[in-house]
Amino acid sequence: MDALQILRLPALQDNYIWLLRVTGSGFTAVVDPAEVGPVEQALDARGWALHAILNTHHHGDHVGANLALKARHGLTIYGPAADRARIPGIDVALGDGDEVDLGGLRARVMDVPGHTRGHILWHLPEAGAVFVGDTLFAGGCGRMFEGTAPQFWASLARIRALPPISQIYCAHEYTLGNLRFACSIDPHNLALQARLSQVEAARQRGEPTVPSTLAIEQATNPFLRCDQPAIAGFFGLDPAEPAAVFGALRAAKDRA
Ligand SMILES: [Zn+2]
Numbered sequence: 006m007d008a009l010q011i012l013r014l015p016a017l018q019d020n021y022i023w024l025l026r027v028t029g030s031g032f033t034a035v036v037d038p039a040e041v042g043p044v045e046q047a048l049d050a051r052g053w054a055l056h057a058i059l060n061t062h063h064h065g066d067h068v069g070a071n072l073a074l075k076a077r078h079g080l081t082i083y084g085p086a087a088d089r090a091r092i093p094g095i096d097v098a099l100g101d102g103d104e105v106d107l108g109g110l111r112a113r114v115m116d117v118p119g120h121t122r123g124h125i126l127w128h129l130p131e132a133g134a135v136f137v138g139d140t141l142f143a144g145g146c147g148r149m150f151e152g153t154a155p156q157f158w159a160s161l162a163r164i165r166a167l168p169p170i171s172q173i174y175c176a177h178e179y180t181l182g183n184l185r186f187a188c189s190i191d192p193h194n195l196a197l198q199a200r201l202s203q204v205e206a207a208r209q210r211g212e213p214t215v216p217s218t219l220a221i222e223q224a225t226n227p228f229l230r231c232d233q234p235a236i237a238g239f240f241g242l243d244p245a246e247p248a249a250v251f252g253a254l255r256a257a258k259d260r261a
């Protein structure tokens, strides 16, 4: 396997753009470029070219720099087939199970609708990295703008089944608020309480809290635990009907 460098580029209010470089080949890609400035600064500082944009979904804070970066670098834009009409400059439309060679590193695409109808994630199995866009957040999940609860829950259940050591790269720094909400739903979860303390301390020091690992999310993120009695019971629902639990949980978070 080729080693992979991953840089976190803060953008806009609370977005993270992820810049990837495959060490052996020098292939460089950016996941969900919200804006041009942070990407160009990072490239210029290192003398790197840019070869690809990997989009997860159509929202402006994920595709905002697509056309400008394409004009400057002549790169290839990959995005979700189900939403190809809403991805500016898209060259290659991808769906569930498609694979892309990123300069010697294999990327596998999964359809994970719910936040938007055409949301994909990028799983780099050899690097143990998953770029989840706005489907999963550290301690939470994205808003359900275009999907249904059964659809969103099915997407999260598939993410949950990836290798637990996977690093989860989400697109926003929302962790602290997410974990405070999670503690209100799942107050007896000791792993969650410990994580909240760690994240509170990290944010006070001004440190980022992303990426996390899937194992941490499995233990503490209520949106991945809708089939657990602690989460279902909060809403008086049956853990055997996790999509209904997810719907209630998502609605509660929207109101929080
Ligand atoms: Zn979004």
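All residue numbers in the sequence shown are consecutive under the numbering used here, ending with 261.
Even for Gly, the Cβ is constructed at its ideal location relative to N, Cα and C.
Remember, predicted model here, so these are calculated numbers, not experimental data.
Listed by chain order, which residues have C-beta atoms less than 5 Å from any heavy atom of ligand 1? His64 and Asp139
Do the CB positions of Val35 and Ile58 come within less than 7 Å of each other? yes
Which partner residues does Gly145 have in the DSSP bridge list? Phe142
Cut-off 6 Å between Cβ atoms - residues of its own chain near Arg208, not counting five sequence neighbours on either side: Leu181
Provide the residue span of the alpha helix (DSSP H) that contains Gly252, from first to last. Pro247 to Arg260
Could you say if the stretch 155-164 and the stretch 179-195 meet the contact criterion of at least three C-beta pairs nearer than 8 Å? no
Just the Cα atoms here: how many angstroms apart are Arg111 and Ala199? 35 Å
Leaving out the 5 sequence neighbours to the left and right, which residues in its chain are closer than 6 Å to Arg91 when beta-carbon positions are compared? His63
Could you please give me the residues that DSSP links to His64 through a beta bridge? None; His64 has no bridge partner.
If you check the beta carbons only, do Ala143 and Val215 fall under 7 Å apart? yes
Among Ala154, His67, Gly133 and Ile95, nearest to Lys75 - alpha-carbon criterion: Ile95
Give the DSSP-derived three-state secondary structure of Ser160 in the structure shown. helix
Does the beta-carbon distance from Ala39 to Leu24 come in below 7 Å? no
With 16 other CB atoms within 10 Å as the buried threshold, where does Asp243 fall? exposed
Per DSSP, what kind of secondary structure is Ser30 in: helix, strand or coil? coil
Name the DSSP bridge partner or partners of Ile95? Bridge partners of Ile95: none, in fact.
Using DSSP with H/G/I as helix, E/B as strand and the rest coil, what is Ala265? The chain is shown only over 6 to 261; residue 265 falls outside these bounds and no answer can be derived.
Alpha carbon to alpha carbon, how far is Gly102 from Pro169? 20 Å
Would the stretch 115-126 count as touching the stretch 137-154 if we require 3 or more Cβ pairs under 8 Å? yes
Which of the three DSSP states, helix, strand or coil, is assigned to Asn20? strand
Would you identify the three-state DSSP class for Leu181, choosing helix, strand or coil? helix
Unbroken stretches of the beta strand (DSSP E), 3 residues or longer, contained in the stretch 71-124: 81-85, 97-99, 104-107 and 110-116
For Asp191 and Ala237, I'd like the C-alpha separation in whole angstroms. 10 Å
Gln198, enclosing alpha helix (DSSP H) - first and last residue: Leu195 to Gln209
Would you mind working out which of Thr218, Gly147, Gly123 and Asn71 sits nearest Gly42, comparing C-alpha positions? Asn71
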